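Read through the structure below, which is laid out as structure tokens, and then see the notes.
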Amino acid sequence: MAIRINRVYTRGGDAGETSLVGGQRIAKDAIRIESYGTVDELNALLGLVRTANRDDAGAARKADRDRLDAVLDQIQNELFNLGSDLATLPQDRHPKQPVIEARHVSFLEKTIDDLNAGLPELKSFVLPGGGWVSAFLHQARTVCRRAERLVTTLAREEAVGTHALIYLNRLSDLLFVLGRWAAKTRQEPEPLWNPTKS
562 MAIRINRVYT
572 RGGDAGETSL
582 VGGQRIAKDA
592 IRIESYGTVD
602 ELNALLGLVR
612 TANRDDAGAA
622 RKADRDRLDA
632 VLDQIQNELF
642 NLGSDLATLP
652 QDRHPKQPVI
662 EARHVSFLEK
672 TIDDLNAGLP
682 ELKSFVLPGG
692 GWVSAFLHQA
702 RTVCRRAERL
712 VTTLAREEAV
722 GTHALIYLNR
732 LSDLLFVLGR
742 WAAKTRQEPE
752 PLWNPTKS
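According to this note's numbering, numbering within the sequence shown proceeds without interruption in unit steps and concludes at 759.
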């Protein structure tokens with residue numbers, strides 16, 4: 562699927578509307594726009610994670626940094642496909658337009674299982690923090706949950722891809738595990754909730 566972006570501004574959105582992939586005009590604050598806009602926000606945040614992973618190596622082995630980068634690279638591309646799908650009404654979807662499928666969810670689940678197997682058992686809730694990479698991953702998890710809530714609202718009103726919600730639900734789980742895994746592989750502390758400190 563070839564994409565060409567020759568002009569950055571069109572003035573078409575100056576009155577508070579934008580176009581979906583099929584050309585329909587829609588308010589910029591519509592739930593569909595909020596949904597794929599939040600998926601885009603999550604994607605941008607994962608770009609920050611990848612940058613921190615590269616620039617703030619800490620004690621992490623190169624193999625661990627490379628593994629994290631490869632996982633996030635795949636997820637960023639999948640999120641772009643999800644955003645494209647959410648920006649397209651079902652009747653306008655091109656037969657070759659990439660969408661989230663069961664195999665993408667399976668990849669997330671396999672990655673969760675692989676990484677979680679080597680993590681210490683949790684006996685309290687994790688506080689977002691630790692090092693930069695772990696902290697950004699926990700932030701990404703919260704944005705992913707917001708995207709999931711918005712797509713849930715959208716799905717009550719309009720059709721969405723079959724695996725869109727499942728993917729976001731599983732992705733937030735993976736981001737949680739990745740946050741813990743990043744802290745472990747970088748030998749950074751994992752802050753835990755202590756209710757007696759409140």
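Where is the CB? At the ideal position from N, CA and C, for every residue including glycine.
Just so it is clear, the structure is predicted and the values come from calculations on it, not from any experiment.
- Excluding its 5 nearest sequence neighbours in each direction, L603 has C-beta neighbours in its own chain below 8 Å: L640, A701, V704, C705 and A708, listed in chain order.
- Between L669 and G722, the CB-CB gap reaches or exceeds 9 Å.
- Here DSSP, grouped into helix, strand and coil, assigns V704 to helix.
- Listed in chain order, the non-local C-beta contacts of E662 below 7 Å within the same chain comprise H724, local neighbours out to five positions each way being set aside.
- Under the 10 Å beta carbon count, H699 is surrounded by 16 or more other beta carbons and is classified as buried.
- Counting every other CB atom within 10 Å of its CB across the protein chains shown gives N614 a total of 16 or more, marking it as buried.
- Taking C-beta separations shorter than 6 Å and ignoring five residues to either side along the sequence, the partners of D601 in its chain run G644, following chain order.
- In this structure E718 is exposed. Its beta-carbon is surrounded by fewer than 16 other beta-carbon atoms within 10 angstroms.
- Closest in alpha carbon position to D625, among G740, Y597 and P689, is G740.
- Take the alpha-carbon of R654 and the one of N677: they are about 36 Å apart.
- Short of 8 Å from the beta carbon of W754, and not among the five residues preceding or following it, lie these beta carbons of its own chain, in chain order: S685, F686, V687 and L688.
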